[in-house]
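Chains as they are written, first to last, in this note's numbering: chain A, 1 to 519; chain B, 1001 to 1519. Backbone N, C-alpha and C define an ideal beta-carbon position, used for all residues, glycine too.
2 protein chains.
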Amino acid sequence: MADGVLRKKRGGGRAAHMARRGTAAIAQMPWAPPRNIDRPTEPLTDEGIAAIHEGAMRILEEIGIEFYNDEALALYRKAGCIVEGACVRMDRDFVMEMVGKAPDSFTITPRNPDHTIEIGGNALLFGNVSSPPNYWDLELGRKVPGTRAQCANLLRLTQYFNCIHFAGGYPVEPVDLHPRERHLDVLFDKLTLTDKAMHAYSLGRERVEDVMEMVRIAGGLSHEEFDATPRMYTNINSTSPLKHDHPMIDGCLRLARRGQAIVVSPFTLAGAMAPVTMAGAVAQSIAEALSAIALFQYVAPGVPCVIGTFTSNVDMKSGAPAFGTPEYMRSTQMTGQMARFYGLPLRSSGACAANVPDGQAVWETSNSLWAALQSGTHMVYHAAGWLEGGLVASPEKFVMDCEILQQMQRYLDPQITATTADDIALDAIAEVGHQGHFFGVQHTQDRYTTAFYQPFLSDWRNFEAWQAAGAIWTPERAHMIYKDIIASFEEPPMDPAIREELAAFVDRRKAEGGAPTDF
Amino acid sequence: MADGVLRKKRGGGRAAHMARRGTAAIAQMPWAPPRNIDRPTEPLTDEGIAAIHEGAMRILEEIGIEFYNDEALALYRKAGCIVEGACVRMDRDFVMEMVGKAPDSFTITPRNPDHTIEIGGNALLFGNVSSPPNYWDLELGRKVPGTRAQCANLLRLTQYFNCIHFAGGYPVEPVDLHPRERHLDVLFDKLTLTDKAMHAYSLGRERVEDVMEMVRIAGGLSHEEFDATPRMYTNINSTSPLKHDHPMIDGCLRLARRGQAIVVSPFTLAGAMAPVTMAGAVAQSIAEALSAIALFQYVAPGVPCVIGTFTSNVDMKSGAPAFGTPEYMRSTQMTGQMARFYGLPLRSSGACAANVPDGQAVWETSNSLWAALQSGTHMVYHAAGWLEGGLVASPEKFVMDCEILQQMQRYLDPQITATTADDIALDAIAEVGHQGHFFGVQHTQDRYTTAFYQPFLSDWRNFEAWQAAGAIWTPERAHMIYKDIIASFEEPPMDPAIREELAAFVDRRKAEGGAPTDF
């Protein structure tokens, strides 16, 4: 199929491609993180919320969570929890007291303060795909291990699209970079190619400390300024069922002590690492998340913490994970209700199991993105560019997802449903009467340029016009837009002295040996 | 692209295709029309509802609606409305009194009573694409005028899929049949190939009377039995702005007098046939719909009437209609609020502007289907098979849409979010502990076959397995499923005597000249 698409492109498709040249890149919506004005979809009754809470608390009290981190075990012991080996049991009073210290809303200020994001309230924020080890694009036509160059191009998309509000983890893992030095090179790329809120992987002391230092340098901040307010964030997954690993907890503790934001996202696949029932999988996920958040609040009361959900189901015939399923949607909504119950901001994801950016990819991704909106999610991870259950990053999928995200942003514009007398437009209706049309009337002329969402990727031409322009399907159109964006990309401005300081830091840390690779 | 896809199919794709042979057709969800358990999304405040109602009433009172139908004009005059030429002005007391006579819920009983549908309450029903003049499939690779054979195949899909709850208009217009006889042949095909709730076009006396008679014969009903309860329905569009045409009103009056159901769906494209503001377009749509519904209630108090919405926006650069846009979603939700205000069931649509079943087609269609669910829609027209703004029917799109519809049915299954002790599964969580997994435990074994939605079209295999099976994209998989369904299709049972009576009716009416073609 990839061949077929590109062959077409070399034919009629070229005309359309050329026609777009000169505009340099697409017209897109301005930077304007949306406010989620819809009432959340809430499948749980109050009794349902209480039942899941009770389940989560009993998991923490009776079964416990294992922490493979000695510092964490010492801290829990000090806090009065029951620690036996690696297993920590904590009572609900402790957990609820600690969780109650977390703010329900906070900001992250990146090196460009215009791209500051507020997490909480009715904010809805989108981030790029993070951490796929592999890459696929239409021109390549096959799945390959990620490279630094591909990673940098996906970072350019992350920066280019205003509907991407924060930079996630590496948009593809650049396996051509040695793991010892990878975080240094990619963070240099991230910090120079984007100026949005920055992420650090919690994968060992050196990586976390290096990234904090690079974010500080890039922001032109003193250590005190860095510590004063969140400048970045991390995201950790528990090792379900009921475990937290050493480097994730270590990284979070380092960030917590410097006031940076932490997202805890258990990956509870129902039927595999969690019960086959969604309520059970959600209860387990809540327990895993709260156990860690309680620790971070104990160490740094008031540090920003976000509860993440990654509860989906497996294909019970094969054990393969599925995403954007009906069960995934409901568990996301359920976790949203629980997050509001605990007063914590929520993270969910844009996800699919599809291997290529086809119809399945879009219905699975649409389902997961609508679930994010319906659940009251604040941070949508992987909102653009994800394929194959997160194992593949694709620039075409990235561009397609941004068209969906822009539509969601516009959907949340209260202007659409305004009902002033001007909106009801009785005078215009009377003026047009029974025989006319509304194209020419002043009421339309005054409003038509901003009345409707204008897509950059959807092709609204009729079949014949679309055919005459090369009969180009969505993924190929996305491919051409991707190429245009990369070709015309301009790096966000950075003080040359800061850039030099960043580069010098990278050189020095490489000379020192980078980070250990035994994580 | 079509070539590329089919070339692939003749390669590796064949293996997957063959592997599926022998099962005859896909495993799908049973017939079980869903209940919409979600609270509707309601962007309008009470004041907003009042403002749109006020606008609609003032349109009816001050501007009026034109009816090109002398019988209707006489009826309005008799009812005390102000009739000047074709323009009817009616006061709100009359309109609200008449609309108040319409039931908020009713049933349609097709020839197979097991496929009886309830319209109203929290029902959510899906129907096939209706009325595209053209057809496209992947094998053909181009857009062609519809034929009876293509129409019959789409009817087979309509019957086959349990997530399609009612038969809409012709799923493609068979232009190889003379318009004089077309309704006779297609209704014969519809009534023999499907046994679901049946639709008649309101296109002149003969067509409506013929279809009512054929539905009566197919149901083995006396005239009295036919009249006693709805056996079928029609759908009409107003001629926006503010007009109703002769044949539509004529057909509805005929159905109303025999107690059959009527859907009135203005097609108010904001910026073209309606104000550029969504509130104005919705107010106009409401006025157009209520004006006709008031007439039908005046003639046949209590006859089932459904208010339809087809408010979308145009591309203001080209005037081309767009579907599944953010504005479309909100206007659908707004009309849902108005329908509940008037106590009328709601019809909306599954729609897209895309020309082929690609990513754009899916995000536009998903948006419109989610809007249907969020709005409290009862009848979703065009829920499967629609492309190019309704100008093209496609079997691949039909199959893809059914995968989306099945997911929505499953999404509405309250079982997913149940929170009994069995669902919280504390014992299973304790049993698995920190080191195991849930695949093998009894709690999973007892539930895994029904715990999750099982797709028939989504491919959840990993990239390598998917590639080994031919790297088949969604539309091609849908094409193969379509072929399988057609190849193994079995007509629903029909008494041979009834079939003979139907055929004889068709022959007689053809001999009499069929229907006039000057509509």
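Given 8 Å as the limit, tell me if P1492(B) has its C-beta closer than that to any heavy atom belonging to the ligand PLP. The ligand PLP is not part of the structure shown, which contains no ligands of any sort.
Is F1341(B) helix, strand or coil by DSSP? Taking the second sequence and counting its residues from 1, the one referred to as residue 1341(B) is at position 341. Of the three classes helix, strand and coil, the one that applies to F1341(B) here is helix, per DSSP.
Please compile the residues from chain A whose C-beta is within a distance smaller than 9 Å of the C-beta of E1388(B). Position 388 of the second sequence, counted from the first residue, corresponds to residue 1388(B). What E1388(B) touches in chain A: N462, F463, W466.
Per DSSP, what kind of secondary structure is R1347(B) in: helix, strand or coil? Within the second sequence, residue 1347(B) is the residue found at index 347, counting from 1. The answer is strand: DSSP assigns R1347(B) an E or B state.
Leaving out the 5 sequence neighbours to the left and right, which residues in its chain are closer than 6 Å to V211(A) when beta-carbon positions are compared? If you number the first sequence from 1, residue 211(A) lands on position 211. Closer than 6 Å at the Cβ level, and outside the excluded window around V211(A), lie L187, A200.
In its own chain, which residues sit with a C-beta less than 6 Å from the C-beta of P1301(B), not counting the 5 before and 5 after it? Taking the first residue of the second sequence as 1, we reach residue 1301(B) at position 301. Counting only Cβ-Cβ distances below 6 Å, and skipping sequence neighbours, we find K1101.
Just how far apart, CA to CA, sit L44(A) and F341(A)? Locating residue 44(A) in the first sequence gives position 44, where the first residue counts as 1. Locating residue 341(A) in the first sequence gives position 341, where the first residue counts as 1. Approximately 12 Å, taken between the alpha carbons.
Could you tell me whether the Cβ of F489(A) comes closer than 9 Å to any Cβ of chain B? As a position in the first sequence, residue 489(A) is number 489, starting the count at 1. By this cut-off, F489(A) is not an interface position.
Return the residue from the list A74(A), K78(A), L290(A) that minimises the CA-CA distance to R92(A). On the first sequence, residue 92(A) is found 92 positions in, with the first residue counted as 1. When each option's Cα is compared against that of R92(A), the closest is L290(A).
Quick one: list the residues of chain B neighbouring A545(A), beta-carbon separation under 9 Å, in chain order. Because chain A in this structure spans residues 1 to 519, residue 545(A) falls outside the shown range and cannot be described.
Along chain A, which residues have their Cβ under 9 Å away from the Cβ of Y1453(B)? Position 453 of the second sequence, counted from the start, is the residue given in the question as residue 1453(B). Ordered by position in chain A, the residues that pass the 9 Å Cβ test against Y1453(B) are N313, A322, T325, P326, E327.
Between the CA atoms of F1166(B) and I1498(B) - distance to the nearest angstrom: Here the question's residue 1498(B) lines up with position 498 in the second sequence. Here the question's residue 1166(B) lines up with position 166 in the second sequence. Going from the Cα of I1498(B) to the Cα of F1166(B) covers about 21 Å.
Closer than 8 Å is the cut-off here; do at least three beta carbon pairs connect the segment 82-98 of chain A with the segment 1445-1453 of chain B? no
For L344(A), which residues of its own chain have a beta-carbon under 8 Å away from its beta-carbon, when the five flanking residues on both sides are left out? Translated into positions along the first sequence, residue 344(A) becomes position 344. Once the five neighbours on either side are set aside, the close Cβ partners of L344(A) are V99, A102, D104, I293, C305, V306, I307.
For C1163(B), name the three-state secondary structure that DSSP assigns. Start at 1 with the first residue of the second sequence, and residue 1163(B) comes out as number 163. Residue state, collapsed to three classes: coil.
Identify the continuous beta strand (DSSP E) that holds M1198(B) and give its terminal residues. In the second sequence, the residue the question calls residue 1198(B) occupies position 198. First-last of the beta strand (DSSP E) with M1198(B): 1198-1200.
Excluding the 5 residues flanking I217(A) on each side, which residues of the same chain have their C-beta closer than 7 Å to its C-beta? Looking up residue 217(A) in the first sequence gives position 217. Correct list, in chain order: I498, E501, L502, F505.
Interface flag, P1516(B) vs chain A, CB-CB below 9 Å: To locate residue 1516(B), count along the second sequence from 1; it is residue 516. Chain A, which has no Cβ nearer than 9 Å to the Cβ of P1516(B), makes this no.
What residues are listed by DSSP as bridge partners for Y381(A)? The residue you call residue 381(A) lines up with position 381 of the first sequence. Answer by DSSP bridge pairing, in chain order: S349(A).
Quick one: is S1318(B) buried, meaning 16 or more other Cβ sit within 10 Å of its Cβ, or exposed? Counting from 1 along the second sequence, the entry for residue 1318(B) is found at position 318. Classification of S1318(B): exposed, given that the 10 Å Cβ count is below 16.
Opposing strand residues paired with L562(A) [DSSP bridges]: With chain A running from 1 to 519 in the structure shown, residue 562(A) is simply not present.
Closest Cα partner of L1140(B) within the set P1395(B), Q1406(B), R1156(B): In the second sequence, the residue the question calls residue 1140(B) occupies position 140. It is P1395(B).
Tell me whether N1128(B) sits in a helix, a strand or coil according to DSSP, three-state version. As a first step, residue 1128(B) must be located in the second sequence, where it is residue number 128. N1128(B): strand per DSSP, three-state reduction.
Just mark Q360(A) as buried or exposed, buried being the case when its beta carbon has 16 or more other beta carbons within 10 Å. For the purposes of this step, residue 360(A) is identified with residue 360 of the first sequence, where counting begins at 1. So Q360(A) ends up on the buried side.
Please state whether the Cβ-Cβ distance between R1461(B) and A351(A) is less than 9 Å. Taking the first residue of the second sequence as 1, we reach residue 1461(B) at position 461. Taking the first residue of the first sequence as 1, we reach residue 351(A) at position 351. Cβ distance not < 9 Å, so R1461(B) and A351(A) don't count as in contact.
Assumed close pair A1152(B), D1189(B) - CB separation to whole angstroms, cut-off 8 Å: Within the second sequence, the letter at position 152 stands for residue 1152(B). Within the second sequence, the letter at position 189 stands for residue 1189(B). That pair is a contact at about 5 Å.
Just to confirm, is the Cβ distance from L1369(B) to A1354(B) under 9 Å? By 1-based counting over the second sequence, the position of residue 1369(B) is 369. By 1-based counting over the second sequence, the position of residue 1354(B) is 354. No, these two residues do not count as a Cβ contact at 9 Å.
Is there a C-beta anywhere in chain A that falls below 9 Å from the one on C1087(B)? Here residue 1087(B) is taken as the residue at index 87 of the second sequence, counted from 1. With 9 Å as the cut-off, C1087(B) counts as an interface residue toward chain A.
Can you grab the Cα-Cα spacing for the pair L1373(B) / I1119(B), in whole Å? Residue mapping note: residue 1373(B) aligns to position 373 of the second sequence, counting from 1. Residue mapping note: residue 1119(B) aligns to position 119 of the second sequence, counting from 1. So the alpha carbons of these two residues sit roughly 14 Å apart.
So, with DSSP's three-state summary, where would you put K483(A)? Here residue 483(A) refers to the residue found at position 483 when the first sequence is read from its first residue. Three-state DSSP puts K483(A) in a helix.
Specify, as a first and last residue, the run of the beta strand (DSSP E) that A1261(B) falls within. Against the second sequence, residue 1261(B) aligns to sequence position 261. 1261-1264 is the span of the beta strand (DSSP E), which, as asked, contains A1261(B).
Mind pulling the chain A residues with CB within less than 9 Å of D1459(B)? If you number the second sequence from 1, residue 1459(B) lands on position 459. In chain order: A353, A354, N355, Q360.
Is the distance from the Cβ of L1242(B) to the Cβ of I1404(B) below 9 Å? The count along the second sequence starts at 1 and reaches residue 1242(B) at position 242. The count along the second sequence starts at 1 and reaches residue 1404(B) at position 404. For L1242(B) and I1404(B), no; Cβs fall outside 9 Å.
Looking at V356(A) and W1473(B), is the spacing between their C-beta atoms short of 9 Å? If you number the second sequence from 1, residue 1473(B) lands on position 473. If you number the first sequence from 1, residue 356(A) lands on position 356. Their beta carbons are under 9 Å apart, which means W1473(B) touches V356(A) by this criterion.
If you run the structure through DSSP and keep just helix, strand and coil, what is Y453(A)? Position 453 of the first sequence, counting from 1, holds the residue named residue 453(A). Looking at Y453(A) - three-state DSSP - the assignment turns out to be coil, as it is neither helix nor strand.
Considering only residues of the same chain and omitting the five flanking positions on each side of S1366(B), which have a CB-CB separation below 7 Å? Against the second sequence, residue 1366(B) aligns to sequence position 366. Taken in chain order, the residues that qualify are I1404.
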